[in-house]
Amino acid sequence: MSDENRRTELEIKLMDQEKILDEIFCVIIEQWKSLDEISKK
8 MSDENRRTEL
18 EIKLMDQEKI
28 LDEIFCVIIE
38 QWKSLDEISK
48 K
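Residue numbers (the working numbering): 8 to 48.
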């Protein structure tokens, strides 16, 4: 595998990981909001 191909593969993996982290973060925020609502009752 050439260096350019390797770099491209790594960039794609990094973008995928960033997307997954963003999705996880959104889930955590929603759960935090739910817990906050429950604790206010």
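Each residue gets a CB set at the ideal place from its N, CA and C atoms; glycine is no exception. Quick caveat, the model's predicted, so the values are computed rather than measured.
Hey, how far is the Cα of residue i from the Cα of residue j?
i   : j   : result
L17 : K47 : 45 Å
E44 : I19 : 38 Å
L28 : M22 : 10 Å
E25 : M8  : 24 Å
Please report the residue range of the alpha helix (DSSP H) in which residue i lies.
i   : result
K47 : D10 to K47
Closer than 7 Å: is that where the CB of residue i sits relative to any heavy atom of the ligand SAM?
i   : result
R14 : As far as ligands go, the structure on display features none, and thus does not contain the ligand SAM.
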